[in-house]
Amino acid sequence: MQDLVRQILTPTGLLRVCINLGNAVLAQQEKGELKGISVDLAKKLAEQLQVEHQFIIVKNASASVKAISSGEADIGFFAIDPQRAEVIQFSQPYLSIYGSYLVHRHSSIQHINEVDNTAHRIVVARGSAYDLYLSRHLNHAQLIHTQTSQEVVDVFLAGYYEVAAGVHQQLLADAQRVKDVRLLPGHFMEIQQAMGVAKQAVSRVIDYLNQFLAQHRGLIKS
Numbered sequence: 014m015q016d017l018v019r020q021i022l023t024p025t026g027l028l029r030v031c032i033n034l035g036n037a038v039l040a041q042q043e044k045g046e047l048k049g050i051s052v053d054l055a056k057k058l059a060e061q062l063q064v065e066h067q068f069i070i071v072k073n074a075s076a077s078v079k080a081i082s083s084g085e086a087d088i089g090f091f092a093i094d095p096q097r098a099e100v101i102q103f104s105q106p107y108l109s110i111y112g113s114y115l116v117h118r119h120s121s122i123q124h125i126n127e128v129d130n131t132a133h134r135i136v137v138a139r140g141s142a143y144d145l146y147l148s149r150h151l152n153h154a155q156l157i158h159t160q161t162s163q164e165v166v167d168v169f170l171a172g173y174y175e176v177a178a179g180v181h182q183q184l185l186a187d188a189q190r191v192k193d194v195r196l197l198p199g200h201f202m203e204i205q206q207a208m209g210v211a212k213q214a215v216s217r218v219i220d221y222l223n224q225f226l227a228q229h230r231g232l233i234k235s
């Protein structure tokens, strides 16, 4: 199976891996060096396939989806979402993270179920898993979009919007960075992270990726 998967996944002879820096839980870049779960898994997969890897770095999930669906990259790391599933084929999830809300310290909003209100504007990164989810589930609140997840809290503060939405860990770090904000307790969604390839990839590729992830649970947990 490995020879077939190598042939399908590396048509150029390289494993071209899209790394999205929009989610700091999965990937970070410090002084030009890439780090994080996505990076470690990509290197390990290339090693197992016995090929060299090439990182294609993007700043948001939308760009990552485009890179895979257009054939610019061979594999990426995504939050599983039904809209993305139209062009991306996902492995089994290897990690779950959570979508949370952040508000101003003196906001009257105390609970997650109070957010969907016509008086509330929610700042969210365009094309992110939580943007796609909120677009489907909100009935009253208005979404205000940023280009990247890292910009969400700064735009939220600059425009004095009512709510910021994003990955819990990112918002927690932002709450420690700036003053007079707080996280609402709980989460509005669970985000399952998976490896993703182009929709037309044969099922054996996904079977191989699932086996690969099962073999490297220790790497993920660490």
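In case it helps, this note's numbering puts the sequence shown at residues 14 to 235. Backbone N, C-alpha and C define an ideal beta-carbon position, used for all residues, glycine too.
Can you give the beta carbon distance from residue i to residue j, rounded, assuming they're within the 8 Å contact cut?
i: L197; j: H150; result: Contact flag wrong, Cβ pair sits at about 16 Å.
i: V116; j: R195; result: 6 Å
i: R39; j: Q189; result: It is Leu, not Arg, that sits at residue 39 in the sequence shown. That pair is no contact at about 20 Å.
i: R29; j: D87; result: 5 Å
i: I101; j: G35; result: So it is not a contact: roughly 16 Å between Cβ atoms.
i: V52; j: I69; result: About 12 Å; that fails the 8 Å criterion.
i: A211; j: S77; result: Not quite, the Cβ-Cβ distance comes to about 12 Å (not below 8 Å), so this is no contact.
i: I204; j: G112; result: 6 Å
i: V165; j: A177; result: 5 Å
Which one or two residues does DSSP pair with residue i in a beta bridge?
i: Y6; result: Lying outside 14 to 235, the shown extent of the chain, residue 6 is not represented and no answer is given.
i: A92; result: Q206
i: Q67; result: R29
i: S109; result: Q205
i: T159; result: A138
i: A186; result: Bridge partners of A186: none, in fact.
i: A211; result: I101
i: E46; result: E43
How many Å lie between residue i and residue j at the Cα?
i: A214; j: E99; result: 13 Å
i: D144; j: A138; result: 6 Å
i: T161; j: N73; result: 6 Å
i: G89; j: H66; result: 12 Å
i: N130; j: N152; result: 8 Å
i: Q61; j: T23; result: 13 Å
i: I233; j: A154; result: 36 Å
i: L54; j: K48; result: 10 Å
i: F103; j: E175; result: 34 Å
i: R118; j: D167; result: 15 Å
i: A92; j: S121; result: 31 Å
i: Q42; j: E85; result: 21 Å
i: G179; j: A80; result: 22 Å
i: Y173; j: A37; result: 24 Å
i: R19; j: L58; result: 10 Å
i: I157; j: Q163; result: 14 Å
i: A171; j: H229; result: 42 Å
i: A132; j: N126; result: 14 Å
i: R97; j: A142; result: 9 Å
i: Q183; j: R217; result: 35 Å
i: M202; j: L108; result: 14 Å
i: T159; j: Q63; result: 39 Å
i: G231; j: Q15; result: 22 Å
i: I21; j: E46; result: 28 Å
i: L147; j: H200; result: 12 Å
For the beta strand (DSSP E) holding residue i, just list the boundary residues, first then last.
i: R195; result: V194 to L196
i: F103; result: I101 to F103
i: Q41; result: Q41 to E43
The alpha helix (DSSP H) spanning residue i covers which residue range?
i: E60; result: I50 to L62
i: L17; result: Q15 to L22
i: L222; result: S216 to Q228
i: L170; result: V165 to A171
i: K79; result: A74 to S83
Using a Cβ cut-off of 8 Å (strictly closer), state whether residue i contacts chain B.
i: R139; result: This model lacks chain B altogether; it includes just one protein chain.
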